[in-house]
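Worksheet for the structure shown next.
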Amino acid sequence: MRDSVYKIIELVGTSSESWEKAAENAVVRASESVRDLRIAEVSLLDMHIKDGKVEYYRAKVKVSFKYEGHS
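Per the working numbering, the sequence shown starts with residue 769, numbered consecutively.
The structure is reproduced here in structure tokens:
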């Protein structure tokens, strides 16, 4: 295996359904503009509350992809 370098970005996905869907939404959206996603790590889960009820779930996700910078 060749030596590689990976870049990590942090995203926040949201969903009115669940934390899992919020994390998935972050990854799906990132995949629209970032190539070669490798790993996603959920680092924080929280909820937005309005009038005493959960309005939406949020998942903070760290996503890594292969760095293709120039030498």
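Think of the CB as a built atom: it goes at the ideal place given N, C-alpha and C, for glycine as much as any other residue.
Given the structure is predicted, the values throughout are model-derived calculations rather than measurements.
Checklist entry - Using the beta-carbon count (16 or more within 10 Å), is G781 buried or exposed? => result buried
Item to check | Rounded separation between L779 and D771 - CA only | outcome: 26 Å
Next on the checklist: Just verifying my parser: in three-state terms, what is the DSSP assignment at E792?
Outcome noted: helix
Item to check | Own chain partners of A808 with C-beta closer than 6 Å, once the 5 adjacent residues on each side are dropped | outcome: V795, V829, V831
Item to check | R803, DSSP secondary structure in three states | outcome: coil
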